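Undergrad: Using this note's numbering, the first residue of the sequence shown is number 17, and each one after it goes up by one.
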Amino acid sequence: MSYFDEVIIKDKFDRKAWLNVTQAFKDYHLSQKLLADLHTSLLKPKPLLKSESQIDNQYLNHRNILDQMFQTSEWRTLHAITQNDPLGAALGVMALADKLDQDTQESQVRLVARKACKNAIQQIQKGLENFATWGSDPDKPIQLDLQKSIELAQTLRNSPKLKQISEIAGRLKSTALQKRSTKAAKLPEEIIDIEIGNNLNQVLPSEFLSPLFYKNYIEQTLMQRKLQSTTKLAKGPVIFCLDESGSMKGDKEIWSKAYFMGFQTLAAKDKRDLAYISFGVSVTHSQVFPKAEIDPIYLTQMLSEFAGHGGTDFDQPLEKSLELLKNSLPKADIVFVTDGVSNISQSVKEKLAKAKSEKGLHLYVVLINDQDTTVFDDLADLIVYLNTANTLYERI
17 MSYFDEVIIK DKFDRKAWLN VTQAFKDYHL SQKLLADLHT SLLKPKPLLK
67 SESQIDNQYL NHRNILDQMF QTSEWRTLHA ITQNDPLGAA LGVMALADKL
117 DQDTQESQVR LVARKACKNA IQQIQKGLEN FATWGSDPDK PIQLDLQKSI
167 ELAQTLRNSP KLKQISEIAG RLKSTALQKR STKAAKLPEE IIDIEIGNNL
217 NQVLPSEFLS PLFYKNYIEQ TLMQRKLQST TKLAKGPVIF CLDESGSMKG
267 DKEIWSKAYF MGFQTLAAKD KRDLAYISFG VSVTHSQVFP KAEIDPIYLT
317 QMLSEFAGHG GTDFDQPLEK SLELLKNSLP KADIVFVTDG VSNISQSVKE
367 KLAKAKSEKG LHLYVVLIND QDTTVFDDLA DLIVYLNTAN TLYERI
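Structure (structure tokens):
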């Protein structure tokens with residue numbers, strides 16, 4: 017790139033910043049020179065245009081596009097979002113490239129630029145929201161370098177299915193965390209003893225009448241009730257079994273995979289191991305993720321896959337779950353999501369019953385259709401339907 021084919025004044029840091037991301041834009045319809053200028057203009061706090069005399073004639077249309085763009089209020093809003101943010105600037109270039117055309121008639125340039133900036137603002141905001149959804153730990157930003165961050169953003173941007181999963185998962189993760197934060201307060205408790213402390217909600221009534229009440233409160237020596245929860249909460253690993261038979265294709269697949277991401281969030285927060293098993297007529301994918309940590313790019317690849325053919329066999333995923341329970345995930349609970357009807361063999365039923373008795377296994381079943389529950393009636397600790405499935409976030 018020579019001096020005369022650039023329309024934005026650049027220094028070596030600007031050129032290096034573009035070099036770091038240029039691979040992501042190699043197949044775009046806009047010229048690489050215009051893309052580079054767009055990137056610098058978004059990233060640089062105060063981008064400046066060269067004069068026309070400093071630019072080769074064949075690139076003057078690039079200057080006109082940027083000049084017209086800089087004069088819009090939409091550009092100023094967009095630039096406030098992207099300046100000094102390498103990922104935001106890259107997302108901005110992607111979005112602008114969708115709407116800009118370097119051959120636009122001169123009289124239409126400002127209108128096109130205005131629409132392009134407006135689109136970019138929306139795309140960046142939505143893109144960053146979707147991007148954040150794919151992190152394992154809700155309390156930490158995604159730990160990826162810039163190139164992998166852009167790769168993830170492009171993957172989400174180019175996949176309608178992953179976009180939908182992101183949007184639903186964002187809501188389900190929020191619901192899961194909300195239920196986690198409130199469930200302890202809801203648990204039934206019983207009085208098991210008397211202890212000393214200064215919890216005014218549990219202090220014995222007679223203590224309020226004592227002339228030494230304030231002294232004892234400060235010293236935390238008031239007599240109070242000691243409570244213990246009567247509900248045992250799961251704290252072990254989670255084995256998530258997901259039906260990928262042909263009938264699950266579409267909305268049911270998207271919802272169930274977003275639902276899985278809600279469990280991943282809770283498991284990651286507690287540093288609990290998480291297994292993912294997909295199945296149709298056989299097990300199609302089985303993997304254990306220690307502490308529920310999943311590389312975001314790998315997660316998008318895993319959830320993009322869909323066997324989507326054949327019928328439904330419950331025995332194989334349950335057998336695989338029991339194998340994991342025995343060998344690597346003791347004290348695990350199973351979440352089993354399906355829309356199908358199948359049978360469970362007597363031998364698998366007996367193994368499940370034994371695991372429930374000896375290992376404290378819990379089996380939670382999520383039915384996406386109003387199908388017959390008979391096959392699970394004697395095995396499941398809880399059966400929920402789509403409209404009440406979020407209640408499981410309080411149990412697991």
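All C-beta atoms, glycine included, are put in the ideal place defined by N, C-alpha and C. Predicted, not measured: the structure shown is a model, and the values here were computed from it.
Tell me which residues share the same chain as D259 and place their Cβ nearer than 7 Å to its Cβ, disregarding the 5 neighbours each side in the sequence.
TA: Excluding positions up to five away in sequence, the list reads F295, T328, V353, T354, D355 and G356.
Undergrad: Using three-state DSSP, classify L228 as helix, strand or coil.
TA: Residue state, collapsed to three classes: coil.
Undergrad: Could you have a look at V23 and say whether DSSP puts it in helix, strand or coil?
TA: Three-state result, V23: coil.
Undergrad: Expressed to the nearest angstrom, what Euclidean distance is found between the alpha-carbon atoms of T88 and T120?
TA: If I take the Cα positions, the gap works out to 17 Å.
Undergrad: Within 10 angstroms of the Cβ of D289, are there 16 or more other Cβ atoms? Answer buried if so, exposed if not.
TA: Under this definition D289 is a buried residue.
Undergrad: Going by DSSP, what residue range makes up the alpha helix (DSSP H) through Q170?
TA: Q170 -> alpha helix (DSSP H) spans L162 to N174.
Undergrad: What are the start and end residues of the beta strand (DSSP E) that includes S302?
TA: Run containing S302: V299 to F305, per the beta strand (DSSP E) assignment.
Undergrad: Roughly how far, in whole angstroms, is the beta-carbon of D349 from the beta-carbon of L377, given that I think they are within contact range, below 8 Å?
TA: Contact flag correct, Cβ pair sits at about 7 Å.
Undergrad: Identify, in the order they occur along the chain, each residue of the same chain with its Cβ nearer than 7 Å to the Cβ of L65, setting aside the five sequence neighbours on each side.
TA: Excluding positions up to five away in sequence, the list reads V23, I24, R79, L82 and D83.
Undergrad: Drop a sphere of 10 angstroms on the beta-carbon of R173, count the other beta-carbons inside from all chains shown, and report buried for 16 or more, exposed for fewer.
TA: The residue is buried, with at least 16 neighbouring Cβ atoms inside 10 Å.
Undergrad: If you count every other CB in all the chains shown that lies within 10 Å of the CB of P253, and 16 or more means buried, which is it?
TA: That one is buried.
Undergrad: Thinking just about the alpha-carbon of each residue, which of L398, P312 and K365 is nearest to the one in E167?
TA: Ranking L398, P312 and K365 by Cα distance to E167 puts P312 first.
Undergrad: So, A274 versus L188, is the Cβ gap smaller than 9 Å?
TA: Contact: yes.
Undergrad: Restricting to Cα atoms, I'd like to know which of G278, G324, V391 and Y401 is closest to D153.
TA: Closest by alpha carbon: G278.
Undergrad: To which residues does DSSP link K242 through a beta bridge?
TA: Paired residue(s): D209.
Undergrad: Within the present structure, is the beta-carbon of T98 separated from the nearest heavy atom of the ligand HEM by less than 8 Å?
TA: Questions concerning the ligand HEM fall outside what the structure shown contains, since it holds no ligand whatsoever.
Undergrad: Cβ of I208 within 9 Å of Cβ of Q163?
TA: The answer is no: Cβ separation not under 9 Å.
Undergrad: Tell me, please, whether the stretch 368-377 touches the stretch 334-350 by the rule of three or more beta-carbon pairs shorter than 8 Å.
TA: Segments in contact, yes.
Undergrad: Under a three-way DSSP split, which group does D117 fall into?
TA: Of the three classes helix, strand and coil, the one that applies to D117 here is coil, per DSSP.
Undergrad: Identify which residue in F322, I310 and T390 has its Cα closest to the Cα of T300.
TA: The candidate whose alpha carbon is nearest that of T300 is F322.
Undergrad: Assuming the contact rule is C-beta atoms closer than 8 Å, L379 and Y401 should be a hit. Round their C-beta distance to whole Å, please.
TA: Wrong, their Cβ atoms sit about 16 Å apart, outside the cutoff.
Undergrad: Using a 10 Å radius around the Cβ and a threshold of 16 neighbouring Cβ atoms, would you call G266 buried or exposed?
TA: Label assigned to G266: exposed.
Undergrad: Can L395 and R411 be called in contact, C-beta distance under 9 Å?
TA: No, they are not a contact pair.
Undergrad: Taking the alpha carbon of D27 as the reference point, which residue from K62, V391, K177 and D43 has its own alpha carbon closest?
TA: Ranking the options by Cα distance to D27, first place goes to K62.
Undergrad: Where does the unbroken alpha helix (DSSP H) through I97 begin, and where does it stop?
TA: Per DSSP, I97 belongs to the alpha helix (DSSP H) from S89 to T98.
Undergrad: Identify whether L395 lies in helix, strand or coil by the three-state DSSP scheme.
TA: In the structure shown, L395 sits in coil (DSSP, three-state: anything other than H, G, I, E or B).
Undergrad: Would you call Y409 buried or exposed, if buried means 16 or more other Cβ atoms sit within 10 Å of its Cβ?
TA: The residue in question, Y409, is buried, as its Cβ has 16 or more Cβ neighbours within 10 Å.
Undergrad: Near L54, what residues of its chain come up, given a Cβ to Cβ distance below 7 Å and the 5 sequence neighbours on each side ignored?
TA: Correct list, in chain order: V109 and L112.
Undergrad: Going by C-alpha to C-alpha distance, which of A106, S298 and A132 sits closest to Q118?
TA: The shortest Cα separation from Q118 among A106, S298 and A132 belongs to A132.
Undergrad: To which residues of the same chain is T93 closer than 7 Å at the C-beta, ignoring the five residues directly before and after it?
TA: Counting only Cβ-Cβ distances below 7 Å, and skipping sequence neighbours, we find I137.
Undergrad: Considering T149, what are the terminal residues of the alpha helix (DSSP H) in which it resides?
TA: Unbroken alpha helix (DSSP H) run through T149: V125 to T149.
Undergrad: For Y314, count neighbouring C-beta atoms within 10 Å of its own C-beta (all shown protein chains included) and say buried if the count is 16 or more, exposed if not.
TA: With fewer than 16 other Cβ atoms within 10 Å, it is exposed.
Undergrad: Just to confirm, is the Cβ distance from V125 to K115 under 9 Å?
TA: It is not a contact, given that the beta carbons lie outside the stated cut-off.
Undergrad: Taking only the alpha-carbon atoms, compute the straight-line gap between R31 and N100 and give it to the nearest angstrom.
TA: Distance between the alpha carbons of R31 and N100 is about 14 Å.
Undergrad: Any idea which residues DSSP pairs S294 with across the strands?
TA: Note: S294 sits in a beta bridge opposite L258 and H301.
Undergrad: In the DSSP assignment, find the unbroken alpha helix (DSSP H) run with V37 in it and report its ends.
TA: It spans K28 to V37 - the alpha helix (DSSP H) in which V37 sits, taken as one unbroken run.
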